[in-house]
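Start counting the sequence shown at 1; every next residue gets the next number (full-length UniProt numbering). All residues carry an ideal CB built from backbone N, CA and C; glycine is no exception. Just so we're clear, the structure is a prediction, and the values are computed from it rather than from any experiment. The structure under discussion appears below in the form of C-alpha cells.
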Amino acid sequence: MTVREVALEAYREALPVLALSAVGGLFAGVVLGGMDAELQDVAGLLVLVPALLATRGNVYGSLGARLGSALHQGLIDPRFSFDDDRINAAVAAALANGVLISGVAAVMAVALLALVGRPSAPLTTLVAIALIAGFVSGVLLTIAVVSVVFVGYRRGLNPDTLAGPVVTTTGDVVGIATLLGATRLVLALGGG
C-alpha cells in the first residue's frame, strides 16, 4: 500500500467514529450542564469531573490498546471468552485500576480543596460517589471497548483506529451519566 492509500484508509475508518465522538462529547456536556443541583449539593464535585473523565480515557484506552495489540500479534482470538486468561487479566486490571484511581482522585480533590481553602463535601461522600461511578462506568466501558475492538477487528477494521475515539466518547457520556447517578444515589442515602 502507498502512503496515500494508508492515509485514506485511516480516514475512512476514523472519520465516522470521530464525528460520533463529537456528538457524544456534546451530549456529555448537556448532561453536565443539567447537574446544577448536584453540583451545588456536593461541594467539590465539579473538581472530580475532569479527573474522572481523564482516567476513564487513560485506563480504558490502555485496555483497547492491549486488546488491539494482542489481536494484531495473534495472541488472542477476536471473540470474548471467559476462558481466555489474557483477556480476563486485561479486563480485571482495567477495572481495578479504574476504581482505584477514582477513589484516589476523590481523596486528592478533598486535599486540594482544603489546601486552597475551598469548601468540600465530606471525604466519605466524594469517595463513595467516585467509587460507585468508577465501578459502574468501568463495567460499561469494558463492555464497549471489548465489543468495539473485537467486532471491528472481525470486520477488517483496525482496532487501534476505533478504540481511542470510542473510549473517549463512551467514557465522557458514561462517565458523566454514572457520576450523576452515583451522586443522586449517595445523596439519597444521606451523603452530602
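Note the first and the last residue of the continuous alpha helix (DSSP H) segment covering residue i.
| i | result |
| --- | --- |
| Met108 | Asp85 to Leu115 |
| Gln40 | Asp36 to Asp41 |
| Thr55 | Leu45 to His72 |
| Ile132 | Leu123 to Arg154 |
| Pro165 | Pro159 to Ala188 |
| Pro16 | Val3 to Gly33 |
If you compare alpha carbons, which of the options is closest to residue i?
| i | options | result |
| --- | --- | --- |
| Ala51 | Pro16, Gly68, Gly98 and Ala7 | Gly98 |
| Gly24 | Val148, Gly171 and Glu9 | Gly171 |
| Leu185 | Gly61, Glu38, Ala121 and Ala89 | Glu38 |
| Val149 | Ala19, Pro159 and Gly117 | Pro159 |
| Ala144 | Leu115, Ala43, Arg56 and Glu13 | Arg56 |
| Val107 | Leu95, Gly68, Pro122 and Ala93 | Pro122 |
| Ala96 | Phe80, Pro119, Leu71 and Ser137 | Ser137 |
| Ala89 | Ala28, Gly181 and Ser62 | Ser62 |
| Gly68 | Ala22, Thr2 and Leu157 | Leu157 |
| Val49 | Thr183, Ile176 and Val110 | Ile176 |
Just checking my contact of residue i with residue j at CB under 8 Å: how many whole Å lie between their CB atoms?
| i | j | result |
| --- | --- | --- |
| Leu179 | Ile129 | 7 Å |
| Ser102 | Leu131 | 6 Å |
| Pro165 | Ala43 | At roughly 34 Å, the Cβ-Cβ gap does not stay under 8 Å, so Pro165 and Ala43 are not in contact. |
Cβ contact check for the stretch 30 to 47 and the stretch 67 to 81: 3 or more pairs under 8 Å: no
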